[in-house]
Ligand SMILES: Nc1nc2c(ncn2[C@@H]2O[C@H](COP(=O)(O)OP(=O)(O)OP(=O)(O)O)[C@@H](O)[C@H]2O)c(=O)[nH]1
Ligand SMILES: [Mg+2]
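Numbering (the numbering used here), first residue to last: 617 to 828.
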């Protein structure tokens, strides 16, 4: 196991495992059904032998509720993460960006791979990746994992993974509760990589992995 890791995280059935294969050469199960990956897989990155790539089960939302989501949350908590690559379906930006906002709270450098660009194009969906990157504060790279398009650019942008800006603002009472708990987490149980604010939000949402 390498000393640093990059996790591929995203909604179910968006191409995380195909991309994992592209980036590592390691084979994992791939299928056109959501929920194919049920546990974490790890392999050395082709582009950097000191980095492990970590494939995770798809998550619908956070805090984690299902066994799959809990396995992904465990990986986020325990892996020596240098960055997170969110893999998103370019055809389904609303769902993708909802998860982007939730992941941004974790305070881990991130890159968004907008995968299935071929299918999005076939449906007439075009995404201004640069405008999206500016709005999110992280690199956004269109990819077609099955054909390998954009994978070199993604690898290139991993070096420039940036700490996302918080994208969500809660009401005053929730923000006060988050701030209070984050302060106590920072004082008594700081995490080496994840932000106290992000952990507080997940804890208040009863994420069992974060509670543990
Ligand atoms: N057209 C197209 N199909 C893709 C692309 N990337 C992946 N696929 C297909 O999408 C399906 C899902 O791919 P997976 O890699 O298993 O997706 P996953 O995100 O790992 O799915 P879970 O593990 O279930 O969360 C497979 O049938 C892939 O061949 C892409 O860029 N374009
Ligand atoms: Mg998978």
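All residues carry an ideal CB built from backbone N, CA and C; glycine is no exception. On a predicted model such as this, the values are computed, not experimentally measured, just so you know.
query                                                                                               : result
Within the segment 679 to 717, ranges of the beta strand (DSSP E) (whole runs, at least 3 residues) : 697 to 705
Cβ-heavy atom distance, residue 682 to ligand 1, below 6 Å                                          : no
DSSP beta-bridge partners of residue 622                                                            : 669, 699
Simplified DSSP assignment, three categories, for residue 726                                       : strand
Pick from 649, 778, 631, 771 that is closest to residue 705, judged by C-alpha positions            : 631
Contact test: residue 824 Cβ vs ligand 1 heavy atom, cutoff 6 Å                                     : no
Proximity test, residue 647 beta-carbon vs ligand 4 heavy atom, cut-off 6 Å                         : You won't find ligand 4 in this model; what it holds is ligand 1 and ligand 2.
heavy atom of ligand 2 below 6 Å from residue 762 C-beta                                            : no
Proximity test, residue 732 beta-carbon vs ligand 1 heavy atom, cut-off 6 Å                         : yes
Environment of residue 580 [buried if 16+ CB atoms lie within 10 Å]                                 : Since the first residue shown for the chain is 617 and the last is 828, residue 580 is missing from the structure and cannot be characterised.
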